[in-house]
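Each remark here refers to the structure printed beneath this line.
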Amino acid sequence: MTGNLLSERIRKWAARFAQREDQVAIVLSLVVGALVGLVVVAFILLTGRMAARMYPPGSSPWRSILIPVFGSLVSGYLLYRYFPDARGSGIPQAKYALFLHNGYISLKTVVGKFLCCSLTLASGIALGREGPSVQIGAGITSVLARRFGLKTEQVKGILPAGCAAALAAAFNTPIAAVLFSLEEILGDMHAPVLGSVVVSAATSWIVLHLILGDEPLFHVPPYQLVNPSEFGIYAVLGLVGGLGSVAFVKILLGLRVWFRRLPKSTVWLQPVAGGLTVGLLALAAPEVMGVGYDFVERVLSGGVAFRIVALLAVLKILATAMSYSSGNAGGIFGPTLFIGAMMGGAVGSAAHALFPATTAGPGAYALVGMGAAFAGIVRTPLTSVIMIFEMTRDYSIIVPLMISNLVSFVVSYQLQRQPIYEALALQEGVYLPSREEAHEQLERHQVEDIVRKDMHPLPPTMNLEAARRVLEEARLNAWPVATQGHLSGLLTAHTLHSRQDLSGAVHDVMNPAAVFPFVHADESLAVALERMGAAGVDVLPVVSRSDLRLWLAPLRSAMC
Amino acid sequence: MQGVAAVVLLLLIALYSVDQFLARLEQREVGAEGRRLYAVGQKLLTQNRIPGAIDAFARAHALERSNRSYAIALASSQMAGRQIEASRNTLTEILQRDSNYAPANLLMARTMVQDQRYREADSYYHRAIYGTWPENQSQERLKTRLEVADMLAAHGGSYELLSEALLLQNTSGNDPAILKHVAALLLQAGSPGRAALVYRSLLRVAPSDRDAYAGLARAEILDGNYGAAHLALVKAFTHSPNDAELRREMDLAGRLLSLDPTPRHLSSAEKLRRSDEILTLARQEILGCLGSQTASPVLAQELDDAGKLLAEKLRGAATNERAEMRLSQAERLWRARPPLCVPAASQDDPIALLLKKIGQ
């Protein structure tokens, strides 16, 4: 009797609680933080133990070729056959889930990412664990939120909390994890989900410390600025970091285009190219294998020769670009820090050799180099400053870090406009919102607020004369052409005027390969008007983010 | 919803268990690997293969940051490999965790000595002395105090050295080797009386100790007790009759005894003769040191005054007043020596020793 009463009370309390969305979000963030933290810690530990078994102390050099090849072969097959969504870094995939799939990530993808990445990383493939952790975290959050019966918008809202929790556990920097979720995943530093993100990141970090203790990811000697003239050398480091970042991104994207052109039947085998490359490079420099944080720590402590760090920066760029573009599961977050540390170590060694009395040791430069590479490749300058600050807990590093990051950011932006995750998404045919867009969306009306879906496109089979009359009656200089929801392009009055004979059909004048202006439903009206002005048309087709040929509706300038 | 909550709770418990298992497994395996690398490092160190040892210790240290033995071994090997900056970084890491950890403070002091930063070295030595040692605390403290005293003897001031030597005297117990070391430090700190006491205490336990007699003789010479010094040297000589060093010391003591104008039993004439000889020797030593160089006006004046005094025939009453005039002139002359001549007057120079005694 008492039990029934208690059960009834709990049910009533739960029903009342479920109606208060803010409280639900906070409680769920706590659960997400704990669960994601535990899973990511298991991921880190499992990967480490597997790697220890694959490469026992004093093992033969042949292992460095055979094991990466074997690891990439097995994981490549698993990814191809069972877990296609678990391929790649994990950060773009988490963004796809947020912006394209209403926050949906399947449990199968989470399991696949965990297994394939554990195998890949343990076998020594030159990729990182942070990106996969972010997708695993986002996936667990998505599954959990759906199981708890949250609405689509709520699921999307809680997803960044999972990403932050994963990064806080994987990288042991909770503040940087929060910022990364806002700056990179959401692209909005003022997002209303800040509370959930902070709670989950903090919970996950506590879990990490509960199990693995209070050890930072890197043990770095105290930073010191020996002479103000060093600021100039930090600017040079920013320049080198920016150029190195651009080289890395361009090589990776170029190789990825090349691999994507290969026959689809070879997709399962392609990761082996990455494994073999890493194995061969490891014969010359075993440090290129895996995440390489042990070696990063040695460089941060100073005392590694210039030629070694310079060589490793180049080899790691090649190994990671090849590993990633060939389709292995793993992230570029960790390798970015490795490359940055090597570039910084090289600049620091050279500077210290030239000006020993007025410069700090190479370790300080390696530390700043990590931030510079991160700012250049991932393009999250604020996160990179806070991340390095959190790692060192040394305030005096902030100014050199900001100088270096800014220079690296500007240089890489000038030479490679798109940040790496956006560029990777574009290669997949996905147009993710940029940070500027996301900011505008908050302040202004969106296209979907005014678009009318009862206006129809021209069918491609329509007679050209009839099409001309439609445009004239509507007093428009362009109109979308589509059939059964598939957009062919934009028919302009200019095209019709340039033809003397209008007896043919509309599809006769349409070029399927031509690039046409478009707009997405969640973009701001300001963006839409800007594009209309740039293209010189009165109308833009509104298309899906996941498929630029998927017709949704027309947008007329008069509507704006 | 309740069902989902229950599943999540079970999942949390299960994952926590799995994590704990994996963490313990990692701890065990990493611990074993760390011990293996440490042993490899020790072996390489005994073979004097320093770079290999540094690498092995660095890897062991990276695996188990909390293991201070690995960190100390790494810092020591880095010092042996002349990687002072790296060694200091390693030690800073240990001291950030526990600033009271004595072995790290001791090594840090040694890195400072290598960089000739003696004041900072002294500070780290004292942190080591008053810090926590993992084992043999009192012995380690004593050894560290001896080390800091040696450092002060080589590079520090005599006041600091005397204070360390006195502390050592109080804490060293009855170990003859340490007591001899302490006595030598007391001598160097300018406290021959205390040094003589230590040597005597040693001779009470070991009456045939040649070194203790030699030390006592040196202490007595510096304290101006030339008779006692001579006596100690005679006794030492009976135990080591062919010792050239003892012979030299004995000659010095004999010379000092024959020149010393201070004993009460001396007649006025003898005192005047000794004073005259001291002034003559002091003047000759300075002139010999100057060579062809021109003396400063003050020194020239003193040399001139000394020459005039020495030119007086030792006729008439041999009064103490006349003897004192010569001794005072010898002191003034000695004080007016140019810096060039100062190192020449070592602790084996009878004139220097005598004038020091007279000045006191």
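From first to last, the protein sequence lines stand for chains P and G.
With the working numbering as the guide, the letters of the first sequence map in order to residues 1 to 560.
With the working numbering as the guide, the letters of the second sequence map in order to residues 1001 to 1360.
The beta carbon of each residue, even a glycine, is placed where N, CA and C say it ideally should be.
All figures in this text were calculated on a predicted structure; none of them were measured in a lab.
1. Would you call residue 1039 (chain G) buried or exposed, if buried means 16 or more other Cβ atoms sit within 10 Å of its Cβ?
2. Please list the residues of the region 1228-1244 of chain G that have a C-beta atom closer than 9 Å to any C-beta atom in chain P, keeping them in chain order.
3. Give me, in chain order, the residues of the same chain whose beta-carbon lies closer than 7 Å to that of residue 1356 (chain G); leave out the 5 immediate sequence neighbours on both sides.
4. At what residues does the alpha helix (DSSP H) containing residue 460 (chain P) begin and finish?
5. What does DSSP give as the partner residues of residue 542 (chain P) in its beta bridges?
6. Starting from residue 479 (chain P), follow its DSSP beta bridges and name the residues at the other end.
7. Out of P:544, P:63, P:263, which one is the CA nearest neighbour of residue 283 (chain P)?
8. Indicate whether the contact test is met: 3 or more Cβ pairs, each with one atom in the region 331-347 of chain P and one in the region 144-153 of chain P, closer than 8 Å.
9. For the alpha helix (DSSP H) containing residue 120 (chain P), list its first residue and its last residue.
10. Across the region 500-508 of chain P and the region 531-547 of chain P, are there enough close Cβ pairs to call them in contact, namely three or more that are closer than 8 Å?
11. Got a sec, what are the start and stop residues for the alpha helix (DSSP H) residue 432 (chain P) sits in?
12. Quick check: the Cα distance between residue 442 (chain P) and residue 523 (chain P), rounded to an integer number of angstroms?
13. Okay, do the region 152-159 of chain P and the region 22-35 of chain P touch, 3+ Cβ pairs below 8 Å being the bar?
14. Comparing alpha-carbon positions, which option in P:184, P:288, P:312, P:363 lies nearest residue 1089 (chain G)?
15. When we look at the beta-carbon of residue 1116 (chain G) and count the other beta-carbons within 10 Å, is it buried (16 or more) or exposed?
16. Go ahead and label residue 261 (chain P) buried or exposed: buried means 16 or more other beta carbons lie within 10 angstroms of its beta carbon, across all protein chains shown.
17. Find the residues of chain G that neighbour residue 35 (chain P), judging by a C-beta separation of less than 9 Å, and give them in chain order.
18. Excluding the five sequence neighbours on either side, which residues of its own chain have a C-beta within less than 6 Å of the C-beta of residue 184 (chain P), listed in chain order?
19. Just to confirm the assignment, what range does the alpha helix (DSSP H) spanning residue 278 (chain P) have?
20. Please name the residue or residues paired with residue 331 (chain P) in a DSSP beta bridge.
21. Can you pull the chain G neighbours of residue 457 (chain P), defined as C-beta to C-beta under 9 Å?
22. With DSSP as the reference, identify every bridge partner of residue 486 (chain P), one or two as the case may be.
23. Under 9 Å, do residue 1330 (chain G) and residue 1278 (chain G) count as touching if we go by C-beta distance?
24. On the DSSP bridge list, what partners appear for residue 1101 (chain G)?
25. Once you ignore the five residues that flank residue 1199 (chain G) on each side, which residues in its own chain have a CB closer than 7 Å to its CB?
26. With distance defined between alpha-carbon atoms, name the residue in G:1048, G:1149, G:1071 nearest to residue 1167 (chain G).
27. Around the Cβ of residue 501 (chain P), are there at least 16 other Cβ atoms within 10 angstroms (buried) or fewer (exposed)?
28. Of the residues P:446, P:314, P:135, P:46, which one's Cα is nearest the Cα of residue 1021 (chain G)?
29. Tell me which same chain residues have a C-beta within less than 6 Å of the C-beta of residue 29 (chain P), skipping the five on either side of it?
30. What does residue 219 (chain P) touch in chain G if you count any residue whose Cβ is under 7 Å from its own?
31. By the three-class DSSP mapping on this structure, what secondary structure does residue 1157 (chain G) have?
32. Grab the span of the alpha helix (DSSP H) containing residue 152 (chain P) for me, first residue to last.
33. Would you kindly work out how many angstroms separate the C-alpha atoms of residue 49 (chain P) and residue 12 (chain P), rounded to a whole number?
34. Going by Cα to Cα distance, which pick from G:1296, G:1323, G:1309, G:1311 is closest to residue 1335 (chain G)?
35. Just by C-beta distance, which residues in the region 292-311 of chain P are closer than 8 Å to chain G?
36. What residues are listed by DSSP as bridge partners for residue 88 (chain P)?
Well, looking at it:
1. Label assigned to residue 1039 (chain G): exposed.
2. Closer than 9 Å at the C-beta level to chain P, one finds no residue of the region 1228-1244 of chain G.
3. None.
4. Counting along the chain, residue 460 (chain P) falls outside any alpha helix (DSSP H), and DSSP gives it neither H nor E.
5. Per DSSP, P:519, P:553.
6. Answer is P:491.
7. Nearest option by C-alpha distance: P:63.
8. A contact between stretches requires three or more CB pairs, one per stretch, nearer than 8 Å, and the region 331-347 of chain P fails this requirement with the region 144-153 of chain P.
9. Its alpha helix (DSSP H) spans residues 107-122.
10. No, because fewer than three Cβ pairs between the region 500-508 of chain P and the region 531-547 of chain P fall closer than 8 Å, the two stretches do not touch.
11. Counting along the chain, residue 432 (chain P) falls outside any alpha helix (DSSP H), and DSSP gives it neither H nor E.
12. Annotation note: pLDDT 45 at residue 442 (chain P) (below 50); position unreliable, no value reported.
13. They touch, by the three-pair rule.
14. Cα-wise, what sits closest to residue 1089 (chain G) is P:363.
15. Burial call: exposed.
16. Of the other Cβ atoms in all chains shown, fewer than 16 fall within 10 Å of the Cβ of residue 261 (chain P); this residue is therefore exposed.
17. By Cβ distance, chain G contributes 1008, 1011, 1012, 1015.
18. 380, listed in sequence order.
19. For residue 278 (chain P), the uninterrupted alpha helix (DSSP H) segment begins and ends at 271-284.
20. Bridge pairing for residue 331 (chain P): P:128 [DSSP].
21. From the beta-carbon of residue 457 (chain P), no residue of chain G is found nearer than 9 Å; the closest lies around 45 Å away.
22. Answer is P:483, P:550.
23. In terms of Cβ geometry, residue 1330 (chain G) and residue 1278 (chain G) form a close pair [threshold 9 Å].
24. Residue 1101 (chain G) is bridged to G:1132.
25. The residues are 1183, 1212, 1215, 1216, 1219.
26. For the residues G:1048, G:1149, G:1071, the minimum Cα distance to residue 1167 (chain G) belongs to G:1149.
27. It counts as exposed.
28. Looking only at P:446, P:314, P:135, P:46, the smallest Cα-Cα distance to residue 1021 (chain G) is reached by P:46.
29. Excluding five sequence positions before and after residue 29 (chain P), the CB atoms of its chain that fall closer than 6 Å to its own CB belong to 161, 196, 199, 200, given in chain order.
30. Against chain G, the beta carbon of residue 219 (chain P) has neighbours under 7 Å at 1065, 1093, listed in chain order.
31. Three-state DSSP puts residue 1157 (chain G) in coil, outside helix and strand.
32. It spans 152-171 - the alpha helix (DSSP H) in which residue 152 (chain P) sits, taken as one unbroken run.
33. Taking the straight line from one Cα to the other gives about 46 Å.
34. Among G:1296, G:1323, G:1309, G:1311, the Cα nearest to that of residue 1335 (chain G) belongs to G:1296.
35. Within the region 292-311 of chain P, the residues whose Cβ lies closer than 8 Å to any Cβ of chain G are, in chain order, 294, 297, 298, 301, 302, 303.
36. DSSP lists P:329 as the beta-bridge partner residues of residue 88 (chain P).
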